[in-house]
Amino acid sequence: MGGMTLREAELGEAIQSPKVALSLLLRYEAEPERLTEMELEAIAAAFTREASQGRNIADAASVLAGLIVTVLVGLLAISVSVPKLADSTNMVALALGVLFFLIVLGMMYGLRFETRAESVLSSLDLLRVRRERHIIEMSRTRRGRRALVALWISAAPASQSTAAIGKPLR
Numbered sequence: 027m028g029g030m031t032l033r034e035a036e037l038g039e040a041i042q043s044p045k046v047a048l049s050l051l052l053r054y055e056a057e058p059e060r061l062t063e064m065e066l067e068a069i070a071a072a073f074t075r076e077a078s079q080g081r082n083i084a085d086a087a088s089v090l091a092g093l094i095v096t097v098l099v100g101l102l103a104i105s106v107s108v109p110k111l112a113d114s115t116n117m118v119a120l121a122l123g124v125l126f127f128l129i130v131l132g133m134m135y136g137l138r139f140e141t142r143a144e145s146v147l148s149s150l151d152l153l154r155v156r157r158e159r160h161i162i163e164m165s166r167t168r169r170g171r172r173a174l175v176a177l178w179i180s181a182a183p184a185s186q187s188t189a190a191i192g193k194p195l196r
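Under this note's numbering, the first residue of the sequence shown carries the number 27, and numbering increases by one thereafter.
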């Protein structure tokens with residue numbers, strides 16, 4: 027058994043990194059039939075994970091923002107009911123207000139990740155449809171079928187492609 031091919035190594039990287047997955051997606055956008063189902067799944071997994079991480083960031087930030095608003099309302103109630111503590115509660119409220127602003131920025135950051143990942147996933151669905159249509163169109167002619175077989179043999183792992191080379195086309 028030999029080592030991994032360059033394409034298999036890139037596929038392993040694409041599963042881990044949304045940037046690599048996006049570059050793989052953009053490289054084969056013009057020729058969707060060159061993407062294998064495994065590559066499409068790897069790209070989808072990378073961006074599904076990124077969307078989930080973005081959603082988690084936004085959820086955590088919204089919980090923290092809710093806690094800060096609760097504390098701010100409590101501080102406002104304290105400063106109104108106890109006038110001697112008004113100055114110190116106002117300073118704490120100001121600090122919490124700045125923290126609240128930073129947390130809202132974090133929430134927007136998480137939502138941006140989620141939105142971008144979901145946008146890529148919808149583009150991936152469109153690419154799958156284009157790929158399937160193109161494969162169907164190619165399979166209608168003898169020349170297209172030969173080209174598809176050659177593509178599939180070149181995209182298959184080494185152990186599968188060597189077994190398929192000697193088999194006649196039907």
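We put the CB at the ideal spot given by N, CA and C, even for glycine. Model, not experiment: these values are computed from the prediction.
By the criterion of at least three beta-carbon pairs nearer than 8 Å, the segment 109 to 123 is not in contact with the segment 163 to 179. Fewer than three beta-carbon pairs drawn from the segment 56 to 63 and the segment 124 to 135 are found closer than 8 Å, and the two stretches are therefore not classed as touching.
Per DSSP, the continuous alpha helix (DSSP H) segment holding E63 begins and ends at E63 to S107. By the beta-carbon neighbour count (other beta carbons within 10 angstroms, threshold 16), R159 is exposed.
For D151 and I69, the gap between their C-alpha atoms comes out near 11 Å. For V118, same chain residues with a beta-carbon under 7 Å away, outside a window of 5 residues either side, are L101 in chain order. E57 sits in coil when the DSSP states are folded into three classes, being neither helix nor strand. Judged by DSSP in its simplified three-state form, S43 adopts coil rather than helix or strand. Across the structure, T74 and A121 are spaced so that their CA atoms are roughly 36 Å apart.
About 12 Å separates the CB atoms of L147 and G80; that is not less than 8 Å, and the two are not in contact.
Runs of alpha helix (DSSP H) with 4 or more residues, each lying fully within the segment 125 to 187, are found at 168 to 181, listed in chain order. V108 and S149 have their C-alpha atoms roughly 58 Å apart.
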